[in-house]
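Taking the numbering used here, the leading residue of the sequence shown gets 32, the next gets one more, and so forth. Virtual Cβ for every residue (Gly too), placed ideally from N, Cα, C. Just so we're clear, the structure is a prediction, and the values are computed from it rather than from any experiment. To start, the structure itself, in structure tokens.
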Amino acid sequence: MRVRRTIEGGRGMASRERVVFISHVAEEAQVAGRLKELLERAFGQEFVFLSSDYENLRGGDDWYDEIVRALKGACVTVSLLSPQSVGKRWINFEAGVAIGAHEKSMPVIPVVFRGLRFGEIGHPLSPKHGRDLHEEAGVAALLTDISEFTKAPQC
């Protein structure tokens, strides 16, 4: 697993970019944390940026800037979607930043759980093929997707 190093805009401090960004609402941080653990068991530590994980943000950081920087630097964004989160502005904002940052070339994978159906997803995520966390095949496919996307030259 490789962790890329970059120079942050103007600060001159090196920061690690995480390969996968998990987008989620605060109320579903526990599910996002379990997904992060699964991905790090599969791909190694320091693989996932999770804004609700205190390891990813330091005291004094501008959380908004750090989240946008992490979105733009990731190779893959996973958007966790449930009936409670699918309509939240923050989820759509993060998806839009991820899609726009890479001129639609960064994979953004909608991942549904808690009974949400793919037909209930709105724009900008509705055109994206997704995965279902409640299906064993969906979880396996998500791991395969991430493995393949992170091998791409731009990652």
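C-alpha gap between residue i and residue j, whole angstroms
| i | j | result |
| --- | --- | --- |
| V117 | P184 | 31 Å |
| F180 | G91 | 33 Å |
| M137 | A126 | 10 Å |
| L66 | V128 | 21 Å |
| H154 | L147 | 15 Å |
| W94 | V109 | 19 Å |
| A57 | K182 | 30 Å |
| L164 | S178 | 17 Å |
| S157 | R145 | 18 Å |
| F149 | R100 | 28 Å |
| D12 | E167 | No answer is possible for residue 12: it lies beyond the span of the chain, which begins at 32 and ends at 186. |
Same chain, Cβ closer than 6 Å to residue i, neighbours up to 5 away in sequence not counted
| i | result |
| --- | --- |
| A73 | L174 |
| C186 | C106 |
Inter-residue CB distance, residue i and residue j (contact presumed, cutoff 8 Å)
| i | j | result |
| --- | --- | --- |
| V107 | V143 | Contact flag wrong, Cβ pair sits at about 17 Å. |
| L112 | I122 | 7 Å |
| A60 | L102 | 17 Å between Cβ atoms; not a contact. |
| L70 | F78 | 6 Å |
Interface flag, residue i vs chain B, CB-CB below 8 Å
| i | result |
| --- | --- |
| G127 | Among the chains of the structure shown, chain B does not appear; only one protein chain is present. |
Close-in-space but distant-in-sequence residues of the same chain around residue i (CB under 8 Å, 5 per side omitted)
| i | result |
| --- | --- |
| R188 | Since the displayed the chain opens at 32 and closes at 186, residue 188 lies outside it and no answer follows. |
| E151 | P114 and V117 |
| A105 | E48, R49, V50, V51, F52, F80, A129 and M137 |
| E86 | none |
Residues of its chain near residue i, where Cβ-Cβ distance is below 7 Å and the 5 sequence neighbours each way are ignored
| i | result |
| --- | --- |
| A63 | I53, H55, L81, S83 and L111 |
Query raised in the report: Which full runs of the alpha helix (DSSP H) of 4+ residues lie inside the segment 109-166, going along the chain?
Result: 120-132
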